[in-house]
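Residue numbering for the sequence shown follows the numbering used here, beginning at 8 and increasing consecutively. No residue lacks a Cβ here, since even glycine has one placed at the ideal position from N, Cα and C.
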Amino acid sequence: MIEKDKREINILLDKITDYSSNIISQTDFYYEIVKIMLEITNSNSIELLINEGSKLSRTYISSYSKNAYNFEVYPDYSHNFEQSSNNKYNNLYSFYKDNPKQKFAKKFTFKSLTNGILIIYDLNEEFYNLFTNHRIIFSGERLSNFSLLISPLSSGNLEIGLLGITSIQSKLFSTNNIALLEEIISKISSAIVFQKNHSKLIANSKQLSFFHKFTQLICQNKLNIEELFKSLIELLPQAMQYPEITSIRIVLNGKSYTSKYYQNSSQRLVSYLIIKNEKKGFIEIIYSRLKPECDFGPFLKEEKELIDTLSKQIAQLVEFQESENERKILQDEIRHADRLNVVGQLAAGIAHELNEPLGSILGFAQLTKKSQGLPENISKDIDKIIKSALFARDIIRKLLSFSKEMPPQLKEVNLNKIVLEGLYFLESRCQKNSIELIRNLKNDLPHILADEFQINQVLINLVVNAIQAMPNGGKLTISTDNSVDYVYLIVEDTGIGMSEEIRKKIFLPFFSTKSINEGTGLGLTVCYGIISSHNGTINVESTLGKGSRFEIKIPIYSDSKVKI
């Protein structure tokens, strides 16, 4: 059986040892083992069965088969150890495990050695009939009168697998060959254990290197998730066993980030991004070429652990960023509210200081106007004084309204009724400016406790602003809605929009983007004051060139909640 001398055998075994410490895949390593064993033993086929945790890998090579090399992985092989109910075996493992019972000792010649090697001479048709699927062992070959040797592979108490050797020569295995074969199998077992440990070490090293670089990416991008993902899809393939064929796709909140040459494949590894107990996306690793099965498809257990750990860390980063963004928004809102409060107090003080002298000016001007025999030019000047004083008084009223010095006259009202009445006077203006007015009012809207005049003032102000923001026409949508506790008024236009910088300033007194003669810069300031006095809020969204959306939220009147 073994025709090579010891020196030649050692050279071949050294190759196996070298392969075990090289960075090659496990399947390639198994292939080198069966190929070298076929050369050493001068046999006709070699079968290598390896325990892969919950799976059984099978590497087969034959000198007389058309399919000279084959690699397969069987899931959950432990269930196939026992003999099946019809007295047939599912695989070589189950047959070997059952043989010590000597069930078939009378039918075949057995030679069981102390080290567990099993030899069967003169195999025939009856032997084939013991197996449910003879291809599992012999890849379809049905030769008569040949020999089979099965040897366990182990290292200490660790059971690694089995090695099967077949020859078309009957009674080929001699005692001398067996002694040498034991030594060879021992070295192969050690090489397999070393290769597995070496592979795990390399995988762990890749993981450590990857997470070190990942941490650097986080620091460099300063929680910029988009930039982090773009860098990550370039970095992650380096941590896989086949980086040259690895593609990455990361999906978060419907947005996808993919490798340059990404393409779909059946061999994929997915880990979901769970954020606040919801699936918000996933990380997907894909092999562009089919690879042999391992722990999770073609992927190693260590690679599965890596992607699961990565998805958890990314989920934590995203959750932290969302919380940080919410904190910043809340902080900005608090600062803005404090700022408006200070401005409101200042405005109220100024308004009170100006109100008395302005009243005197207006009163004396009106009395003077009633005097008989005034020259025409003086009468016109007095008219200008009265007009300017009335304009100034209107500004003071708006300042007082903003600073909540003029409390609203609250009563139970229906927001839809206020909207319909207010739009009645504005519809013709919309038509004149080529603006399509859309009413989207919810039926059975709960009532609110509000000052009808002030809410109407807010509506008119927002609608007029929207009309002015659409000089070339557009679409103006007025909507009402409600939740459990609030009623909503939404004014949305398709106008010029505004920048984020301007959006942050629109409620400040006297801030305006209009020309001096077109506005006082107090319209939205007054709206803010009115809605605040109604315990409500105004939220503004705007995009330059696309339009703006104002959403007003006012609490539902408690006695009307039953109408929802």
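Query raised in the report: Straight-line CA distance for S295 to K311?
Result: Sequence index remark: in the sequence shown, residue 295 carries index 288 (1-based). Sequence index remark: in the sequence shown, residue 311 carries index 304 (1-based). Distance between the alpha carbons of S295 and K311 is about 18 Å.
Query raised in the report: When the Cα of F236 is compared with those of Y249, T222 and Q248, which residue comes out closest?
Result: Locating residue 236 in the sequence shown gives position 229, where the first residue counts as 1. Of the listed residues, the one whose Cα sits closest to F236 is T222.
Query raised in the report: Of all the CB atoms in chain B, is at least one closer than 8 Å to the CB of N332?
Result: Absent here is chain B; the protein component of the structure consists of one chain.
Query raised in the report: Along the chain, where does the alpha helix (DSSP H) that runs through D25 open and close?
Result: The residue labelled residue 25 in the question sits at position 18 within the sequence shown. From DSSP, the alpha helix (DSSP H) with D25 extends over K13 to S28.
Query raised in the report: Regarding S61 and the ligand NAP, is the C-beta to nearest heavy atom distance less than 7 Å?
Result: Absent from the structure shown: the ligand NAP. Ligands present: none.
Query - Neighbourhood of I225 by C-beta, 6 Å cutoff - its chain only, sequence neighbours within 5 removed - result: Taking the sequence shown and counting its residues from 1, one reaches residue 225 at position 218. For I225, where only same-chain residues beyond five positions count, there are no Cβ hits under 6 Å.
Report task. Return the CA-CA distance between Q270 and Y431, expressed in angstroms with no decimal places. Result -> Stepping through the sequence shown from its first residue, residue 270 is reached at position 263. Stepping through the sequence shown from its first residue, residue 431 is reached at position 424. When rounded, the distance between both Cα atoms is 58 Å.
Query raised in the report: On the premise that Q379 lies in contact with I393, defined as a C-beta separation below 8 Å, what is that separation, rounded to the nearest angstrom?
Result: Taking the sequence shown and counting its residues from 1, the one referred to as residue 393 is at position 386. Taking the sequence shown and counting its residues from 1, the one referred to as residue 379 is at position 372. That pair is no contact at about 18 Å.
Query raised in the report: Are the beta-carbon atoms belonging to Y279 and S318 less than 8 Å from one another?
Result: Along the sequence shown, read from residue 1 onward, the residue named residue 279 stands at position 272. Along the sequence shown, read from residue 1 onward, the residue named residue 318 stands at position 311. The beta carbons of Y279 and S318 sit closer together than 8 Å.
Query - CB-CB length for V426 against I485, believed under 8 Å - result: Mapped onto the sequence shown, residue 426 falls at position 419. Mapped onto the sequence shown, residue 485 falls at position 478. V426 to I485, Cβ: 6 Å. Contact.
Query - Other residues of its chain near K42: CB distance less than 7 Å, five sequence neighbours each side excluded - result: To locate residue 42, count along the sequence shown from 1; it is residue 35. Taken in chain order, the residues that qualify are I68.
Report task. Could you check the C-alpha separation between L324 and K220 for me, to the nearest Å? Result -> Residue numbering aside, residue 324 sits at position 317 when the sequence shown is read from its first letter. Residue numbering aside, residue 220 sits at position 213 when the sequence shown is read from its first letter. Looking at the two C-alpha atoms, the distance is approximately 16 Å.
Query raised in the report: By the 10 Å Cβ neighbour count, where 16 or more other Cβ atoms means buried, how is F460 classified, buried or exposed?
Result: Translated into positions along the sequence shown, residue 460 becomes position 453. Counting Cβ neighbours within 10 Å, F460 comes out exposed, since fewer than 16 surround it.
Query raised in the report: Does the segment 41 to 55 come within contact of the segment 212 to 219, defined as at least 3 CB pairs closer than 8 Å?
Result: no
Query - Y268 classed as buried or exposed, judged by whether at least 16 other C-beta atoms fall within 10 angstroms - result: Counting from 1 along the sequence shown, the entry for residue 268 is found at position 261. Under this definition Y268 is an exposed residue.
Query - Beta-carbon proximity list for T66, same chain, < 7 Å, skipping 5 on both sides - result: By 1-based counting over the sequence shown, the position of residue 66 is 59. Contacts found: Y37, Y38, V41, L55 and F78.
Query raised in the report: Any contact of the segment 535 to 553 with the segment 504 to 516, i.e. 3+ C-beta pairs under 8 Å?
Result: yes
**Report entry** Residue(s) in a DSSP beta bridge with P488
**Finding:** Taking the first residue of the sequence shown as position 1, residue 488 is located at position 481. The residue you asked about is not Pro; residue 488 is Asp in the sequence shown. Its beta-bridge partners are Y495.
Query raised in the report: For the beta strand (DSSP E) that I503 lies in, which residues bound it at each end?
Result: Indexing the sequence shown from 1 puts residue 503 at position 496. Per DSSP, I503 belongs to no beta strand (DSSP E) and is neither H nor E.
**Report entry** Other residues of its chain near K11: CB distance less than 7 Å, five sequence neighbours each side excluded
**Finding:** Taking the sequence shown and counting its residues from 1, one reaches residue 11 at position 4. Only I47 meet the Cβ criterion.
Requested in this report: Determine the DSSP secondary structure at R446, reduced to helix, strand or coil.
Outcome: The residue given as residue 446 occupies position 439 in the sequence shown. If DSSP states are grouped into helix, strand and coil, R446 belongs with the strands.
Query raised in the report: If we ignore side chains and look at the alpha-carbon of each, how far apart do S161 and I257 end up?
Result: Counted from its first residue, the sequence shown places residue 161 at position 154. Counted from its first residue, the sequence shown places residue 257 at position 250. Cα to Cα, S161 sits roughly 42 Å from I257.
Query raised in the report: How is the alpha helix (DSSP H) around N472 delimited, first residue to last?
Result: On the sequence shown, position 465 is the one that residue 472 refers to. Run containing N472: E459 to Q475, per the alpha helix (DSSP H) assignment.
Query - Within 8 Å, strictly: CB atoms of N440 and G504 - result: Taking the first residue of the sequence shown as position 1, residue 440 is located at position 433. Taking the first residue of the sequence shown as position 1, residue 504 is located at position 497. Not closer than 8 Å, so no.
Report task. Within its chain, find whatever has a CB closer than 6 Å to the CB of Y26; leave out the 5 residues flanking it on each side and keep chain order. Result -> The residue given as residue 26 occupies position 19 in the sequence shown. If we look at Y26 and ignore the five residues flanking it on each side, its Cβ neighbours are F36 and E39.
Query raised in the report: Any idea which residues DSSP pairs N77 with across the strands?
Result: For this step, residue 77 is matched to residue 70 along the sequence shown. According to DSSP, which records beta bridges pairwise, N77 is partnered with Y67.
Report task. Please report how far the alpha carbon of I565 lies from the alpha carbon of I537, in whole angstroms. Result -> By one-based count along the sequence shown, residue 565 stands at place 558. By one-based count along the sequence shown, residue 537 stands at place 530. The identity of residue 565 in the sequence shown is Ser, whereas the question assumes Ile. When rounded, the distance between both Cα atoms is 20 Å.
Query raised in the report: Out of K308, L365 and I175, which has the shortest C-alpha to C-alpha gap to S61?
Result: Indexing the sequence shown from 1 puts residue 61 at position 54. Closest by alpha carbon: K308.
Report task. Pick out whichever of K553, F518 and Y495 has its Cα sitting closest to the Cα of N542. Result -> Here residue 542 refers to the residue found at position 535 when the sequence shown is read from its first residue. That would be Y495, whose Cα lies nearest to the Cα of N542.
Report task. Using only alpha-carbon positions, find the residue among F371, S158, L208 and H205 that is nearest to I192. Result -> Here the question's residue 192 lines up with position 185 in the sequence shown. When each option's Cα is compared against that of I192, the closest is S158.
Query - Supposed close pair L259, K286 - CB separation, criterion 8 Å - result: By 1-based counting over the sequence shown, the position of residue 259 is 252. By 1-based counting over the sequence shown, the position of residue 286 is 279. Separation of the CB atoms of L259 and K286 is rounded to 11 Å, and the pair is thereby denied contact status at 8 Å.
**Report entry** Residue environment, S212, which counts as buried when at least 16 other CB atoms sit within 10 Å
**Finding:** Translated into positions along the sequence shown, residue 212 becomes position 205. Looking at its Cβ environment, which holds fewer than 16 other Cβ atoms inside 10 Å, S212 is exposed.
Report task. Identify the continuous alpha helix (DSSP H) that holds E428 and give its terminal residues. Result -> Stepping through the sequence shown from its first residue, residue 428 is reached at position 421. Segment L422 to Y431, the alpha helix (DSSP H) holding E428.
Query raised in the report: Hey, would you say I290 sits closer than 8 Å to I252, going by beta carbons?
Result: As a working mapping, residue 290 is identified with position 283 in the sequence shown. As a working mapping, residue 252 is identified with position 245 in the sequence shown. Taking a C-beta distance under 8 Å as the contact criterion, I290 and I252 do not qualify as a contact pair.
Report task. Measure the beta-carbon distance from L529 to I442 and round it to whole angstroms, keeping in mind my assumption that it falls under 8 Å. Result -> The residue you call residue 529 lines up with position 522 of the sequence shown. The residue you call residue 442 lines up with position 435 of the sequence shown. L529 to I442, Cβ: 24 Å. No contact.
Query raised in the report: Taking C-beta to C-beta, are S64 and N51 nearer than 8 Å?
Result: Within the sequence shown, numbered from 1, the residue matching residue 64 stands at position 57. Within the sequence shown, numbered from 1, the residue matching residue 51 stands at position 44. Contact: no.
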